[in-house]
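Asks: Next up is a structure, given as structure tokens.
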């Protein structure tokens, strides 16, 4: 059985010349921190820290995104992030779940981001619904 541990990074496309708009959205509006590495940096690529994972944005011949494709980010204070995005004039669609607060937002290129903040665990079980394991 392969030993998959976690997602290392996600790469999303942006159109040629889109780096400035990407920085305005991901750094200024969303608040992510760009990761710089002289050995890996190359023109047309931006990298952002997502905890132990990384988001890579790469300029190229952009053809758009699939309607249901999205990057889901678990966050600690969804209300503060939503406020920050709305203050920057970015449309936020809130879509709460029974066990989490959730919002969707699009970057300037139509890439969809899902922002999820799980509700605290149930006091009786101390588990989230996502903690259930199924053996086959």
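In our numbering, the protein residues as written are 1244 to 1379.
Here a beta-carbon is modelled for each residue, glycine too, at the ideal position from N, C-alpha and C.
1. I need the straight-line Cα distance from residue 1259 to residue 1305, nearest angstrom please.
2. Mind checking whether residue 1358 and residue 1333 have CB atoms under 8 Å apart?
3. Can you give the Cα-Cα distance for residue 1355 and residue 1342, rounded to whole angstroms?
4. Taking all protein chains shown into account, decide if residue 1282 is buried (16 or more other Cβ within 10 angstroms of its Cβ) or exposed.
5. Whole angstroms is fine: what's the gap from residue 1329's alpha carbon to residue 1256's?
6. In the DSSP output, which residue or residues are listed as bridge partners for residue 1343?
7. For residue 1375, count neighbouring Cβ atoms within 10 angstroms of its own Cβ and tell me buried if that reaches 16, exposed if not.
8. Please return the same chain residues whose Cβ sits closer than 6 Å to the Cβ of residue 1297, not counting the five positions on each side in sequence.
Replies: Reading it off the structure:
1. Separation of residue 1259 and residue 1305 (C-alpha to C-alpha, rounded to the nearest whole angstrom) is 7 Å.
2. The Cβ atoms of residue 1358 and residue 1333 do not sit closer than 8 Å to each other.
3. Between residue 1355 and residue 1342, the alpha-carbon positions lie close to 21 Å from each other.
4. Exposed: under 16 other Cβ atoms inside 10 Å.
5. Separation of residue 1329 and residue 1256 (C-alpha to C-alpha, rounded to the nearest whole angstrom) is 24 Å.
6. According to DSSP, which records beta bridges pairwise, residue 1343 is partnered with 1361.
7. At residue 1375, the pLDDT of 46 sits below 50, so the modelled position is not reliable; the number obtained from the coordinates is stated separately. Flag for residue 1375 reads exposed.
8. Cβ within range, chain order: 1252 and 1290.
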